[in-house]
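S.K.: In the working numbering, the protein residues as written are 1 to 267. I have a structure here, written as structure tokens, and I will follow up with some questions on it.
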């Protein structure tokens with residue numbers, strides 16, 4: 001059974017009001033399939049009954065579950081590899097200038113590949129080993145954050161990692177199936193937190209050296225994008241970088257960021 005139009009629009013409004021994700025009519029089948037997963041778990045047969053349950057469930061736990069299943073999480077290690085080259089170049093310059101404290105943010109970290117790739121990249125920089133380095137990874141989905149904290153990946157997910165880094169920063173685990181775990185030397189650099197990018201101001205103090213906010217703004221409208229970008233601008237240090245997905249741009253948004261190259265901006 002497909003979701004009826006009225007309930008679909010109501011659920012779309014719930015999602016937009018809470019996390020800023022825009023769900024158009026072409027997402028109806030996707031929403032129907034993902035919401036049905038929750039309905040099956042709860043023993044609910046009708047979509048309108050699920051919506052009523054969501055409205056009256058006072059703890060807010062079901063809302064979190066709904067947002068988990070609606071969120072799209074597609075990522076891999078060193079996705080858009082040139083971004084990590086830019087990160088390495090900038091951080092190398094900062095280290096050479098005598099900077100000792102570094103703060104970075106992966107704003108939509110999904111299952112952790114992006115912040116772990118950031119940590120590996122930064123750990124390869126001469127002089128960074130003695131620095132005060134911390135990376136924050138945030139996502140709206142509790143499920144992917146749980147995966148991130150484990151730092152455990154199937155071998156097929158490591159194909160995009162340079163062999164040198166794979167050998168240096170992963171340990172092989174054999175528990176039925178072969179998997180690979182990020183070493184503690186990298187894990188300790190990263191804190192994973194749940195954060196709603198559509199609801200600033202954010203609790204971080206800043207200043208941040210660089211923010212990766214990749215392939216998430218495509219789900220927002222310009223109102224939410226502008227609010228998010230201005231909050232990132234506030235948190236970045238002067239000369240700090242914002243890196244977005246290659247398919248994204250700040251064009252048309254009211255922002256003070258200056259473009260460096262496509263998908264890369266500086267404060």
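Glycine residues also receive a C-beta, built at the ideal position from the N, C-alpha and C atoms.
(1) Considering Cα atoms alone, identify which of 95, 252, 167 is closest to residue 226.
(2) From residue 133 to residue 102, what distance separates their C-alpha atoms?
(3) So is residue 163 buried or exposed if we call it buried at 16+ other beta carbons inside 10 Å?
(4) Helix, strand or coil for residue 99 per DSSP?
(5) In this structure, does DSSP put residue 79 in helix, strand or coil?
(6) Please report how far the alpha carbon of residue 65 lies from the alpha carbon of residue 136, in whole angstroms.
(7) Just to confirm the assignment, what range does the beta strand (DSSP E) spanning residue 265 have?
(8) Given that a residue counts as buried once 16 or more other Cβ atoms are within 10 Å of its Cβ, and exposed if not, what is residue 160?
(9) Can you have a look at residue 178 and say buried or exposed, based on whether 16 or more other CB atoms are within 10 angstroms of its CB?
(10) With DSSP collapsed to three states, give me the class of residue 174.
(11) I'd like to check one pair, residue 31 with residue 221: are the Cβ atoms closer than 8 Å?
M.R.: Judging by the given coordinates:
(1) 252
(2) 5 Å
(3) exposed
(4) coil
(5) coil
(6) Using only the alpha carbons, I get a separation of about 23 Å.
(7) 264–266 is the span of the beta strand (DSSP E), which, as asked, contains residue 265.
(8) Residue 160 is exposed by the Cβ-count criterion.
(9) exposed
(10) The DSSP-derived three-state label of residue 174 is strand.
(11) Taking 8 Å as the cut-off, the beta carbon of residue 221 is found no closer than this to the beta carbon of residue 31.
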